[in-house]
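Input: a single structure, listed below in structure tokens.
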């Protein structure tokens with residue numbers, strides 16, 4: 002699956018990168034975290050979180066984001082350092098938007 006880097010953030014030795022890719026019709030969002038925070042939170046140097054959304058779910062997420070705040074698109078949301086994929090997964094769960102969440106360590110790449 003080809004991925005496009007949407008955003009990258011660095012702070013206090015941590016690196017967080019966000020990618021978007023297509024797998025069939027589904028959109029796969031992937032967040033790769035490395036550094037001290039990954040070591041503390043997950044017990045590993047690199048951690049990957051992924052969220053898989055159907056096209057219908059993407060539309061629902063975009064409608065929620067646009068309605069809930071100043072962000073106008075999923076891209077804007079992902080490129081904002083205030084949010085991470087855990088926030089997006091929680092938004093989906095709270096609004097009943099179907100998504101598949103996956104996580105992996107040390108191996109980089111989406112697993113959803």
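Numbering (the working numbering), first residue to last: 2 to 113.
Note that CB positions come from ideal geometry on N, CA and C, so glycine has one too.
When the Cα atoms are used, what is the spatial distance from residue i to residue j?
i	j	result
residue 82	residue 10	7 Å
residue 80	residue 7	6 Å
residue 3	residue 89	21 Å
residue 24	residue 12	31 Å
residue 16	residue 36	6 Å
residue 39	residue 65	29 Å
I'd like to know whether the C-beta atoms of residue i and residue j end up nearer to each other than 8 Å.
i	j	result
residue 55	residue 77	no
residue 29	residue 53	yes
residue 50	residue 94	no
residue 45	residue 85	no
Name the residue from the options whose alpha carbon lies nearest to the alpha carbon of residue i.
i	options	result
residue 22	42, 38 and 59	59
In or out: residue i buried (at least 16 other Cβ within 10 Å) or exposed?
i	result
residue 91	exposed
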